[in-house]
Ligand SMILES: Cc1cc2nc3c(=O)[nH]c(=O)nc-3n(C[C@H](O)[C@H](O)[C@H](O)COP(=O)(O)O)c2cc1C
Ligand code: SF4
Ligand code: SF4
Ligand code: SF4
Ligand code: SF4
Ligand code: FES
């Protein structure tokens with residue numbers, strides 16, 4: 001993630017020439033921290049060295065996912081012999097220096113800095129979404145701020161930008177740490193947010209100061225996850241959802257995506273890494289949701305639809321020699337979809353036309369489910385619990401009304417639901433477990449791992465391998481764990497040779513006569529997470545590089561995939577995301593059904609509702625969509 | 001600020017001991033390219049030359065570090081941003097002595113092993129652009145620049161880039177950011193430009209005047225150079241003198257000249273205060289006019305602004321603080337917000353609504369800014385706040401019609 005950044009050099013990591021470490025001598029430097037001698041790695045920052053030695057140095061602009069900024073100055077420490085204080089986050093240790101992390105001068109400077117920030121900070125903690133989870137608030141507490149030394153703003157200076165379905169910007173609470181700027185440009189390669197103005201006019205703004213809805217923001221919400229304060233937050237629909245719950249004429253349905261259950265424990269102060277699927281189901285019912293569905297069901301359905309689409313594309317290209325757009329790109333991450341629409345609009349034909357699981361479910365709830373239950377779809381309020389900020393935008397895309405109604409009414413984030421659960425007086429970890437509601441029931445582990453980067457690809461491969469070769473995946477990949485597509489490497493690439501083929505399963509027989517045309521072929525696939533990595537692949541494809549020869553590529557807008565989504569609990573870093581991934585893979589491992597095509601509810605819905613099969617007319621009407629060439633310049 | 005800046009430079013025949021002493025075009029390059037790089041470094045070291053851009057870092061050390069850095073490309077950048085209020089000496093050098101500046105760059109480039117020199121020219125000096133380009137073309141014609149200079153295997157060329165108009169872009173790392181096409185904001189240091197500079201390559205950023213001294217040192221020797229000035233401040237210094245005096249303009253004086261002597265030379269009468277070093281410098285009251293200009297006592301980049309009895313020092317201070325509030329790059333907390341607080345403090349004094357306790361708190365804040373800001377701007381912006389309030393206590397707390405104990409003030 002750290003190489004080749006587009007951000008200004010002022011915000012880039014340090015380049016330190018490391019000594020050649022032949023026998024390890026010279027790789028360590030002995031420094032004194034608070035009069036204690038410790039050995040640290042050459043080139044390590046003072047902050048890292050302190051952390052390793054259990055010495056707390058406060059930070060604000062620093063974030064482990066981002067390059068170094070050194071602009072808040074809260075982490076200053078004394079380095080003996082230097083005229084000025086040095087920022088621990090940016091100072092690389094290359095000599096045996098003496099460091100003081102809490103001298104009177106340091107403490108005074110930090111207190112001044114906090115006082116200065118507070119003097120410009122408009123907002124009250126008890127009416128703030130980040131109350132109790134705010135780095136500014138924590139600093140004020142840590143340094144015992146009991147009055148506003150340099151005054152306190154009484155009036156807001158900036159208008160709150162409520163234009164976006166996904167992200168709300170309240171620059172009155174901004175501390176100018178620029179973590180959002182670095183997130184947007186470095187992690188996401190979007191570059192919507194930038195420091196604007198100089199001196200006292202400096203602030204974070206957008207292109208021509210336009211509202212967020214009118215710029216090329218992809219709604220990923222990654223900036224929210226890395227903002228230390230309440231200056232950035234998601235557009236929260238929970239009040240309206242409460243109203244619907246309280247309205248007896250409404251049938252309030254919630255579908256829950258795989259990632260929130262793997263992270264919601266963090267909202268309740270628990271360590272990351274444990275799933276609360278069953279507990280969450282109970283809590284949702286106690287809050288008042290009428291039914292609780294598992295989005296993994298439509299994730300399984302996505303695999304069937306998107307997999308079929310891929311097979312059709314390959315069939316057209318290889319057998320019928322027709323012009324088709326390949327590689328096929330996944331379309332389940334709405335942040336990625338919008339990124340492509342803005343930055344590579346010429347490639348929208350490569351996007352799978354299959355809707356995301358959220359939107360497929362939306363369309364089915366207000367048709368299939370409504371019919372089955374005899375409920376007027378207009379009385380259904382369909383909520384989607386998502387780890388994602390972009391899902392809020394997605395459900396508001398004007399074309400997402402294939403059921404005849406708005407398919408999904410609200411996208412709700414993990415954080416927002418955590419709040420609702422607390423408001424209902426429920427302590428989630430102590431809830432008894434319960435199951436998902438029928439007719440969609442329990443889904444497969446393949447749908448579940450959609451939450452991690454590589455998960456969609458793994459789910460697809462589990463099915464494709466079995467459907468095409470007739471062999472068990474387990475015979476190809478131990479325990480059906482397709483490890484080449486797992487892990488947090490920014491871009492993953494794999495080749496799967498198809499050496500033998502089996503019979504065409506019934507579900508697909510009307511589409512392809514046999515698999516012989518695939519025999520001897522090598523399936524080339526790739527996986528990218530974080531749009532900065534997506535950009536690398538897209539540029540390679542444009543240049544005709546190796547990724548242009550891929551057949552299928554999974555793209556997720558957020559680092560880590562959905563488990564690192566913009567609606568997930570704050571804070572986030574790679575360790576936390578790894579723990580969430582572990583929770584997801586552990587749960588997958590424990591499930592009886594781990595392949596989408598073995599989900600019996602999926603088979604059932606093709607029997608009774610989507611009767612002309614995958615990619616058939618009904619499925620095309622309800623489960624597929626189209627995209628918009630947006631471009632970078634929008635009026 | 002504007003009125004103080006609009007001083008005419010009185011253009012007379014320039015005389016001075018070092019920079020304005022006679023020099024024949026091309027001599028330094030001719031001599032240097034025949035020398036070993038170490039010998040040039042030694043000569044510069046012997047001269048004791050220190051950076052004239054304000055910070056006073058030894059030029060030989062800077063060049064040595066750049067020369068020692070391992071890289072396949074290196075750069076030498078001439079800092080001609082001259083943004084400090086009250087300075088206009090670099091303009092004089094560029095307009096009237098371009099041979100010194102450019103030859104200094106060639107010698108520097110040769111010494112550190114750079115192939116490219118870049119002049120970062122203050123946006124307001126755009127009118128010089130053509131003249132300077134023509135001068136460079138002449139040098140190329142005479143093979144003082146370009147491929148294989150004077151038949152040696154040393155190739156070097158210079159390009160001129162226009163600045164982006166912000167004061168902070170004169171700070172060397174912000175300058176480099178700006179050259180790279182980014183917002184002009186200072187970088188974290190370390191790493192320093194001598195290791196990681198323009199486009200990540202080792203880069204020596206030198207002030208116009210520093211470079212202009214080099215050809216004289218090369219041709220006349222380091223020991224000749226250090227005959228002028230004092231022990232720790234060798235050679236001479238250009239002073240941009242403005243404000244209340246009869247003969248404002250650019251003067252070359254040896255280091256060690258006292259403020260009194262300088263005031264005498266420029267014909268200043270009834271002087272109450274002298275601001276040395278521009279807005280970020282310090283304000284010297286009459287009682288200290290025997291102090292000497294030099295690294296030992298009052299170091300300066302050369303801006304001297306003279307205030308006579310008629311001036312209101314609080315207004316002077318307010319001007320400076322307004323300048324910083326606007327010119328801070330806005331990146332770091334102490335400078336971005338600190339300067340606003342200091343300015344507000346001045347305004348409080350102006351209105352007579354303040355407490356001494358709060359003013360003292362602001363002075364302490366100023367001391368934090370000096371040590372905790374990211375770059376020289378924020379580190380020096382409190383200087384005038386602290387020095388003017390200290391040195392002109394009586395005037396300020398009486399002329400404002402309050403002593404801080406009446407009205408809304410108290411405590
Ligand atoms: C805010 C700020 C503005 C500066 N402006 C200039 C300038 O206009 N010209 C200049 O030569 N140096 C300026 N400097 C100093 C440069 O950072 C740098 O020290 C200098 O260019 C180095 O050259 P020297 O060693 O020859 O002095 C400025 C420094 C700061 C902090
Ligand atoms: S951003 Fe933090 S400090 Fe500010 S109001 Fe919200 S919780 Fe309080
Ligand atoms: S939501 Fe994503 S694209 Fe939009 S501003 Fe934030 S980081 Fe950038
Ligand atoms: S919006 Fe948040 S992340 Fe961005 S600069 Fe402000 S406080 Fe930092
Ligand atoms: S001290 Fe001022 S000018 Fe320098 S980096 Fe900080 S905000 Fe910018
Ligand atoms: S955390 Fe180091 S400067 Fe902000």
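Residue numbers (this note's numbering), protein chains in the order written: chain A, 1 to 635; chain B, 1 to 411.
Glycine is no exception: its CB is placed at the ideal position from the N, C-alpha and C atoms.
Interface residues of the region 345-357 of chain B facing chain A [CB-CB below 9 Å]: Answer set for the region 345-357 of chain B: empty.
Of the residues 256/B, 184/B, 119/B, 341/B, the one placed nearest residue 302/B, counting alpha carbons only: Counting from one through the second chain, the residue named residue 302/B turns up at place 302. Residue 256/B is the option with its Cα nearest to residue 302/B.
When DSSP labels each residue in this structure, what does residue 200/A get in the three-state scheme? One-based indexing of the first chain puts residue 200/A at position 200. Helix.
Contact list for the region 110-139 of chain B against chain A, Cβ threshold 8 Å: Closer than 8 Å at the C-beta level to chain A, one finds no residue of the region 110-139 of chain B.
Buried or exposed for residue 219/A, going by 16 or more other Cβ atoms inside 10 Å? By one-based count along the first chain, residue 219/A stands at place 219. By the neighbour-count rule (16 or more Cβ atoms within 10 Å), residue 219/A is buried.
Taking Cβ-Cβ distances shorter than 9 Å, what residues in chain A pair up with residue 328/B? Against the second chain, residue 328/B aligns to sequence position 328. Chain-ordered, the chain A residues with CB closer than 9 Å to the CB of residue 328/B read 198, 199, 200, 202.
For the 8 Å Cβ check, are there 3 or more pairs between the region 378-392 of chain A and the region 411-426 of chain A? With a cut-off of 8 Å, the region 411-426 of chain A and the region 378-392 of chain A count as touching, because enough Cβ pairs lie within range.
At a Cβ threshold of 8 Å, is residue 314/B touching chain A? Taking the second chain and counting its residues from 1, one reaches residue 314/B at position 314. The Cβ of residue 314/B sits no closer than 8 Å to any Cβ of chain A.
Burial state of residue 59/A (16 or more Cβ within 10 Å): For this step, residue 59/A is matched to residue 59 along the first chain. Per the 10 Å Cβ criterion, buried.
Are the C-beta of residue 193/B and some C-beta of chain A separated by less than 8 Å? Residue numbering aside, residue 193/B sits at position 193 when the second chain is read from its first letter. Not one chain A Cβ lies under 8 Å of residue 193/B.
Straight-line Cα distance separating residue 42/A from residue 22/A: For this step, residue 22/A is matched to residue 22 along the first chain. For this step, residue 42/A is matched to residue 42 along the first chain. With a pLDDT of only 41 at residue 22/A, under the threshold of 50, the placement of this residue in the model should not be trusted; the figure read from the coordinates follows. Cα to Cα, the separation comes out at about 14 Å.
Unbroken alpha helix (DSSP H) run spanning residue 101/B, endpoints: Taking the second chain and counting its residues from 1, the one referred to as residue 101/B is at position 101. Residue 101/B -> alpha helix (DSSP H) spans 98-112.
Local conformation of residue 386/B per DSSP, three classes: Mapped onto the second chain, residue 386/B falls at position 386. Residue 386/B falls in the helix class under three-state DSSP.
I want to verify the contact list: residues of chain A whose CB lies under 7 Å from the CB of residue 419/B, in sequence order. In the structure as shown, chain B begins at 1 and stops at 411. Residue 419/B is therefore absent and cannot be evaluated.
What residue ranges within the region 530-568 of chain A form continuous alpha helix (DSSP H) runs of no fewer than 4 residues, ordered along the chain? Within the region 530-568 of chain A, the complete alpha helix (DSSP H) runs of at least 4 residues are 531-542.
Three-state secondary structure (DSSP) at residue 288/A? Taking the first residue of the first chain as position 1, residue 288/A is located at position 288. Three-state result, residue 288/A: coil.
Should residue 332/B be flagged as near chain A, meaning a C-beta pair shorter than 8 Å? Taking the second chain and counting its residues from 1, the one referred to as residue 332/B is at position 332. So yes, residue 332/B belongs to the interface.
Which runs of the beta strand (DSSP E) fall wholly inside the region 578-616 of chain A and span at least 3 residues, in chain order? You should have found no qualifying run.
Heavy atom of ligand 5 less than 7 Å from the Cβ of residue 332/B, yes or no? By 1-based counting over the second chain, the position of residue 332/B is 332. Yes - ligand 5 has a heavy atom lying nearer than 7 Å to the Cβ of residue 332/B.
Residue 344/B versus residue 104/A: straight-line alpha-carbon distance, rounded: As a position in the second chain, residue 344/B is number 344, starting the count at 1. As a position in the first chain, residue 104/A is number 104, starting the count at 1. Cα to Cα, residue 344/B sits roughly 26 Å from residue 104/A.
Against chain B, with Cβ distances strictly below 8 Å, would residue 91/A count as a contact? One-based indexing of the first chain puts residue 91/A at position 91. Chain B, which has a Cβ nearer than 8 Å to the Cβ of residue 91/A, makes this yes.
Which residues end up in the neighbourhood of ligand 3 when you take C-beta atoms closer than 6 Å to any of its heavy atoms? Cβ-based neighbours of ligand 3 within the cut-off: 167/A, 183/A, 184/A, 188/A, 190/A, 192/A, 193/A, 217/A, 218/A, 219/A, 220/A, 221/A, 222/A, 223/A.
How about the region 288-304 of chain A and the region 313-329 of chain A: do they share at least three Cβ pairs that are nearer than 8 Å? The region 288-304 of chain A, when compared against the region 313-329 of chain A, does not touch it at the 8 Å Cβ threshold.
Would you check if the region 39-46 of chain B and the region 145-161 of chain B touch, i.e. whether three or more CB-CB distances between them fall below 8 Å? Result no; under three Cβ-Cβ pairs closer than 8 Å.
Residue 177/A CB to nearest heavy atom of ligand 5 below 7 Å: As a position in the first chain, residue 177/A is number 177, starting the count at 1. For ligand 5, not one heavy atom lies less than 7 Å from the Cβ of residue 177/A.
What are the start and end residues of the beta strand (DSSP E) that includes residue 29/A? Numbered from its first residue, the first chain carries residue 29/A at position 29. Residues 28-33.
Assigned secondary structure, residue 436/A (DSSP; H/G/I helix, E/B strand, else coil): The residue you call residue 436/A lines up with position 436 of the first chain. Note: residue 436/A maps to coil in three-state DSSP.
Among 383/A, 284/A, 399/A, which one has its Cα closest to the Cα of residue 240/A? Position 240 of the first chain, counted from the start, is the residue given in the question as residue 240/A. Distance from the Cα of residue 240/A is smallest, within the candidate group 383/A, 284/A, 399/A, for 383/A.
Can residue 176/B and residue 121/B be called in contact, C-beta distance under 8 Å? The sequence position of residue 176/B within the second chain is 176, counting from 1. The sequence position of residue 121/B within the second chain is 121, counting from 1. No, the pair does not count as a contact, with Cβ atoms beyond the cut-off.
Who are the neighbours of residue 207/A on chain B, taking C-beta pairs under 7 Å? Counted from its first residue, the first chain places residue 207/A at position 207. Those within 7 Å of residue 207/A in chain B number zero; the least Cβ separation is about 14 Å.
Cβ-Cβ distance between residue 16/B and residue 328/B below 8 Å: Counting from one through the second chain, the residue named residue 16/B turns up at place 16. Counting from one through the second chain, the residue named residue 328/B turns up at place 328. The answer is no: Cβ separation not under 8 Å.
Should the region 304-317 of chain A be regarded as contacting the region 469-480 of chain A, the criterion being three or more beta carbon pairs within less than 8 Å? Fewer than three beta-carbon pairs drawn from the region 304-317 of chain A and the region 469-480 of chain A are found closer than 8 Å, and the two stretches are therefore not classed as touching.
Taking 8 Å as the CB-CB limit, is residue 150/A close to chain B? Reading the first chain from its first residue, position 150 is the one you call residue 150/A. Output row for residue 150/A: interface = yes.
Ligand 6 heavy atom lying under 7 Å from the CB of residue 61/A: Counting from one through the first chain, the residue named residue 61/A turns up at place 61. Answer for residue 61/A: yes, Cβ within range of ligand 6.
Output the boundary residues of the alpha helix (DSSP H) element that contains residue 260/B. In the second chain, residue 260/B corresponds to position 260, counting from 1. That run of the alpha helix (DSSP H) goes 259-266.
Report yes or no: is there a C-beta of chain A within less than 8 Å of the C-beta of residue 36/B? Stepping through the second chain from its first residue, residue 36/B is reached at position 36. So, not an interface residue.
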